[in-house]
Every structure is written in structure tokens, then in C-alpha cells.
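Structure first, then comments.
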Amino acid sequence: MCDARIQRKLKDYRDQLDHAKQIFEHGLSKNECLELDVRNLDTLGVIGEGVFGEIYRVEDQGSFYAVKKHAKRRIRERKSQAIVIRERKWLCAMNNPFVVKCLSKFKDADNVYLIMQYAPYGDVKSMLSRGAIPEERAVKIAIQAVLALEFLHAMDITLRNLEPRNLLVFSRGRVKLSDFGAAIIGSSISGKNFRSTPYTAPEMLKERPYTNAVDWWSMGVVIYEMLLAKLPFGGEQDHKDVLQRRITSDPLSGLGTDALSFSAKLVIQQFLEKEPVKRLGGPRTNVDDIKNHPWFSNVNYYDVIFGLNQFALQDSELAANRETKCARDLLRTLSKPEERDPLRDDLKDF
């Protein structure tokens, strides 16, 4: 492809980012989403478990999809109706190569469903179950996560829960962001953090006002974990108070190894700067400073955005190898007409 055409396509992509917020708001106002009856889908296996229910791999006329089943009982117990409705609307209004697509929705008496693109290679968390990720592959995963966050931040959305399990891996190494249940509109946010995880930024744990720089802290944790197969400040098994103290007070360690390049150590240190104003991606920098970082110096952004091949994957990495098989008619037998739900009005906008 000639250089002029490459530059034109990159300019068109940048123009879409410049207008991402308006396009997103227009999509929200239209609130369009196909409705597909899950009873017509063949269930092949359980591929995961979300907060509100199982995630299934399904087949329809030779194509595979992921179905997220949200149990209404769990949604109501957590008083999360607004969160579930908002996430469905957001996913249907977003259009970006680095964000998973919601293809359709469905409701019945007991559940609401999202029919999503299926990621045949699972997520980065399952990739980490086999050990540290080689740096060459980690760079290619991380830059796609960076571009996903660039897209969200262009729409004034702060994700707040970037984690390996929310980075889905598709054929040929395409990585897409999923799960917007914790996301919030706004780039300058005040209020209490609703939960603590090993990926949560220090300013959130201290309950200070914060910006979308919290997402770049999480990016640093993800890169550290990919390269070293461990977390920088402790994991979910640690007591909440211990984890918070380590994140907010303990110095970063573990980068003395010769296994990492200098630029890898540098990008981790700069993302995991406890003071947001000094952090890579913080108020004094922007996403171009991240994309121009030495660790990403070999990235061809045209190939990342428009190319088909990102990195090679093996058949042994297929998520189907790990799924729990189930009856093909499972969703047909589970589903009952929505009219049998006397409380159905609380999720009518799903």
C-alpha cells in the first residue's frame, strides 16, 4: 500500500478519535441493539464466570459467539440494574477495533443476555496461567490495550478495571477490551472507590479525587504481570488493608532481573508512579507520550490498527481446550418467557 494511502487511513482513524465522544453520544441516543433469541443458539460449553452468571460459547449456523448470562436475581441482590443496563448500551454504541462488540441482546424471565464476539483464545489471564509472556508478545498485547484506553478516554470514559481477564484474545493476536461494569463517564472524578484490587491506583485507595490516569497505573500493573508472571504489590489473596498499604506506600520492586529490557523496566516504573502528576499518561503527559515510549519504538501503528496479523498463536492456546462442555440445548431448556417475571420493569431498558 502506498505511503499516501497509509497516512490517509491513519488520519481518518485519528479523526474518528477526535469525534469519538459525539459519535458515542449519538449511538447512545439511538439506543439500537439487535434482539436475538438465545433459544435458537446451540450451547457448546461454559467458558467463564462473571459477577452475574456464566459465559457460554455458542454456535449459530457455523459461527461462534459468546453469551454472557446475567441472572436477574444476582443483579437485584446487588442493586446493579442501572450498571447492567448502562454497560449494554455502551457496548452497543461503541465501535473500535480494540473493544469487543455486543452483537445483540435478549431477556427472559430469569436472565438477561449479551451476545458478544467470541474470543477463541480466551483472555490474557488464561495466557498467564502458562507463565510469563515473552516481551515481544507482551508489547503487542500492551499496545492494543493502550489504543483501547485511548479510545475510551477520547469518549471521556475512565475504565477503572483494566485487568488481564478483561483483555480478550482473538485470532491472529487481535486483543480487545471487555467489561465496562466499573467504567464511569468523566476524566476528573471524586468520591469513594467501590472496591480494591491489585490493579487499583493509589489515589483511588486513598479516596482522593482522581483522573483517567488511574487507567495508566493499571496498565503498568498489567505489563509487570505479563512480563514477570506476578503482581507488583500483592494479589487477591492478600488482606485488603495489606494490599492497600503496599500499593500506596511500598516502593516498586522486582525489576532487578536481567530478563527484562531497559525500556520495559522504564515503562513499568513510569506507569507505576504513585503520584498521578508524575505518571506516564498523567496530567503532564498524553497518550502520544505513551505511544512514542521507547518500549513501543518498533510498533507500526498502521499494522496494529488495520493489520490482520498481530502475533502468532498455537492451537494449544485455544480456549475451547479449557471450556466445560454442556448440553447443546441448555439455553433452550433454561429460558422461560419474560412475562413470567413480575419484576421485569426494572430491566425494561436492557
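Per this note's numbering, the very first residue in the sequence shown carries number 523; after that it's consecutive. Glycine included, every Cβ here is placed at the ideal spot set by N, Cα and C. Just so we're clear, the structure is a prediction, and the values are computed from it rather than from any experiment.
Asked, Found
"Integer-rounded CB distance, given that Ala588 should sit under 8 Å from Arg579", "6 Å"
"Cα-Cα separation, Phe620 to Leu674", "10 Å"
"Buried or exposed by the 16-neighbour rule on C-beta atoms within 10 Å, applied to Val799", "exposed"
"Segments of 3+ residues assigned as beta strand (DSSP E) that fall wholly inside the stretch 578-619", "585-593"
"First and last residue of the uninterrupted alpha helix (DSSP H) at Lys787", "Phe784 to Phe793"
"Through-space distance from Ala781 to Ala615, alpha-carbon basis", "42 Å"
"Member of His592, Ala526 and Thr565 whose CA lies at the smallest distance from the CA of Glu576", "His592"
"Residues of its chain near Leu669, where Cβ-Cβ distance is below 6 Å and the 5 sequence neighbours each way are ignored", "Phe620"
"Buried/exposed call for His548, threshold 16 Cβ in 10 Å", "exposed"
"Bounding residues of the alpha helix (DSSP H) (the contiguous stretch that carries Tyr824)", "Tyr823 to Phe828"
"Cβ shell of Phe833 (< 6 Å), same chain only, five flanking positions each side left out", "Arg659, Lys662 and Gly695"
"Leu477 - DSSP class collapsed to helix/strand/coil", "Residue 477 lies beyond the residue range present for the chain, which begins at 523 and ends at 872; the question has no answer from this structure."
"Cβ pair Asn553, Lys623 closer than 8 Å", "no"
"Reference Gln791; option with closest CA among Asp810, Lys762 and Val744", "Val744"
"For Leu671 and Thr680, the rounded distance between their alpha carbons", "8 Å"
"Collapsed DSSP secondary structure at Asn831 in the structure displayed", "coil"
"Residue from Ala841, Pro720, Trp739 and Ile812 with nearest C-alpha to Gly757", "Pro720"
"Touch test, the stretch 644-656 against the stretch 681-694, Cβ-Cβ under 8 Å, three pairs minimum", "yes"
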